[in-house]
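Going down the list, the protein sequences come from chains R and H. Quick note: the first sequence uses the working numbering, first residue 84, plus one each step. Quick note: the second sequence uses the working numbering, first residue 57, plus one each step.
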Amino acid sequence: MRGLVASLPVTAGFVPFALVLGAQAGQKGLSALETPLMTGLNFAGGSEFAAIGLWTSPPHLALITAVTLMVNSRHLLMGAALAPFLKALPKRRVLPALFLMCDESWAMALADARARGTFSLAHYMGVALPMWLAWIAFTTLGALVGPVLGNVETLGFDMAFPAIFLVLLRGMWTGLRAARPWLVSLAVAATGHLLAPGAWTVAAGAIAGLATAWLWAAPRKTGAAA
Amino acid sequence: MISLPVLATILAMAAVTYLTRIGGYLVLRNRTLGPRATAVMEAAPGCVLIAVIAPHFVSPRPADLLALAITFLAALRLPMLAVVPIGIVAAASLRWLLG
Numbered sequence: 084m085r086g087l088v089a090s091l092p093v094t095a096g097f098v099p100f101a102l103v104l105g106a107q108a109g110q111k112g113l114s115a116l117e118t119p120l121m122t123g124l125n126f127a128g129g130s131e132f133a134a135i136g137l138w139t140s141p142p143h144l145a146l147i148t149a150v151t152l153m154v155n156s157r158h159l160l161m162g163a164a165l166a167p168f169l170k171a172l173p174k175r176r177v178l179p180a181l182f183l184m185c186d187e188s189w190a191m192a193l194a195d196a197r198a199r200g201t202f203s204l205a206h207y208m209g210v211a212l213p214m215w216l217a218w219i220a221f222t223t224l225g226a227l228v229g230p231v232l233g234n235v236e237t238l239g240f241d242m243a244f245p246a247i248f249l250v251l252l253r254g255m256w257t258g259l260r261a262a263r264p265w266l267v268s269l270a271v272a273a274t275g276h277l278l279a280p281g282a283w284t285v286a287a288g289a290i291a292g293l294a295t296a297w298l299w300a301a302p303r304k305t306g307a308a309a
Numbered sequence: 057m058i059s060l061p062v063l064a065t066i067l068a069m070a071a072v073t074y075l076t077r078i079g080g081y082l083v084l085r086n087r088t089l090g091p092r093a094t095a096v097m098e099a100a101p102g103c104v105l106i107a108v109i110a111p112h113f114v115s116p117r118p119a120d121l122l123a124l125a126i127t128f129l130a131a132l133r134l135p136m137l138a139v140v141p142i143g144i145v146a147a148a149s150l151r152w153l154l155g
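Structure (structure tokens):
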């Protein structure tokens, strides 16, 4: 119950994202069954927006899977941060529970565990389950409404994607230094698009940015030591 | 209602996402990542998102570039629910005005 109450404001915040995502999925041709299947099984908004942005008919499986993996790789760090609090619980209970670990449920569970000194599975499920159910329900609703909206290009609806992504990027912003790899990704992907448009530019831009992050990570360490 | 290529893509997405969720708990719980690996993981979501929308930044249509600039400024301060309609209205009206 405690988790449920704590979850409500965050869950309400999911609703506009879910409606917009569902509407975009519907306009890309995903049915009102396929959309909740994706959002229910994947349950990671950033990767779903990226996937729908790249969606074609039929979808490019390898590209979308690779992009999903890259967007969600932060879960690895999140799971590692939560792990010390999960030692008392058996794996057969932790592994299913981690299916519902998103940015918000993770942050709330970690804050609660730190405050109380112990991880409460009941609290975590109370936090995470309403988020999951709301995500499925409102992306489905969006998918039903989306196709009714008409020609997206002339009406400006295609600008929804950069709008969503820019807001998501603002949420990830931790300073110019940390964002330098983003600028490299942008430059490489944009140049690639001008030279030869295609899905490959996403992979090239992302890899260039990650290589930048890798190369620029080391001087920070030596700088601190000097 | 569910096509096979769509189902396969959704299942592949779900599988890699679940692996990222349990991977940190299973593999990284007893060790610490180096600064390079941490930096790469922290930068990854932003790099991918910006690479996906990169074509909008080099659009040949002045109306689209202006609309993107307006959307960018809105995204600096306003919530998602305001930024999306601002972007859509800016794009639609500028395309109508400038072609």
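Don't be surprised by glycine CBs; every beta carbon is placed ideally from N, CA and C. Bear in mind that the values here come from a model prediction, so they are computed numbers and not experimental data.
Per the Cβ contact rule, the region 96-104 of chain R is in contact with the region 206-226 of chain R (3 or more Cβ pairs under 8 Å). DSSP, reduced to helix, strand and coil, places H:Phe113 within a helical segment of the structure shown. Between R:Glu131 and H:Ile58, the C-beta spacing is not below 8 Å. Assignment of R:Gly86 by DSSP, reduced to helix, strand and coil, places it in the helix class. The region 139-150 of chain H and the region 70-77 of chain H do not touch, with fewer than 3 CB-CB distances between them shorter than 8 Å. Exposed is the label assigned to R:Arg199, since fewer than 16 other Cβ atoms lie within 10 Å of its Cβ. Note on R:Leu152: 16 or more other CB atoms within 10 angstroms of its CB, so buried under the neighbour-count rule. Counting every other CB atom within 10 Å of its CB across the protein chains shown gives R:Trp265 a total of 16 or more, marking it as buried. Within chain H, no residue has its beta carbon less than 8 Å from that of R:Pro230; the closest one is some 13 Å off. Relative to R:Gly96, the option among H:Pro135, H:Thr127, H:Val96, H:Thr65 whose CA is nearest is H:Pro135.
For R:Gly229, same chain residues with a beta-carbon under 6 Å away, outside a window of 5 residues either side, are Ala106, Gly109, Gln110 in chain order. Note on geometry: alpha-carbon atoms of R:Arg260 and H:Ala95 lie some 11 Å from one another. With 16 or more other Cβ atoms inside 10 Å of its own Cβ, R:Ser90 counts as buried. Rounded to the nearest angstrom, the gap between the Cα atoms of R:Trp297 and R:Phe100 is 31 Å. For R:Ser130, the enclosing alpha helix (DSSP H) has its first and last residue at 128-136. Not a single C-beta of chain R is nearer than 8 Å to the C-beta of H:Pro118.
When rounded, the separation of the alpha-carbon atoms in H:Leu124 and R:Leu169 is 44 Å. R:Arg176 and R:Leu204 do touch by the CB rule: their CB atoms are close to 7 Å apart, below 8 Å. Contact residues of the region 285-303 of chain R toward chain H are Val285, Ala286, Ala287, Gly288, Ala289, Ile290, Ala291, Gly292, Leu293, Ala294, Thr295, Ala296, Trp297, Leu298, Trp299, Ala300, Ala301, Arg303 (C-beta to C-beta distance below 9 Å). Between R:Val93 and chain H, the shortest Cβ-Cβ separation is not below 8 Å. Comparing C-alpha distances from R:Ala243 to each of H:Trp152, H:Val140, H:Leu154, H:Leu150 shows the shortest one belongs to H:Val140. In this structure, H:Ala110 and R:Thr284 form a Cβ contact; the two beta carbons are roughly 7 Å apart against a cut-off of 8 Å.
Spanning the alpha carbons of R:Asp186 and R:Leu160 requires a straight line of approximately 11 Å.
Within chain R, Met242, Ala243, Pro245, Ala246 have C-beta atoms less than 7 Å from the C-beta of H:Gly143, given in sequence order. Any Cβ of chain R closer than 8 Å to the Cβ of H:Gly155 would place that residue at the interface, and such an atom is absent.
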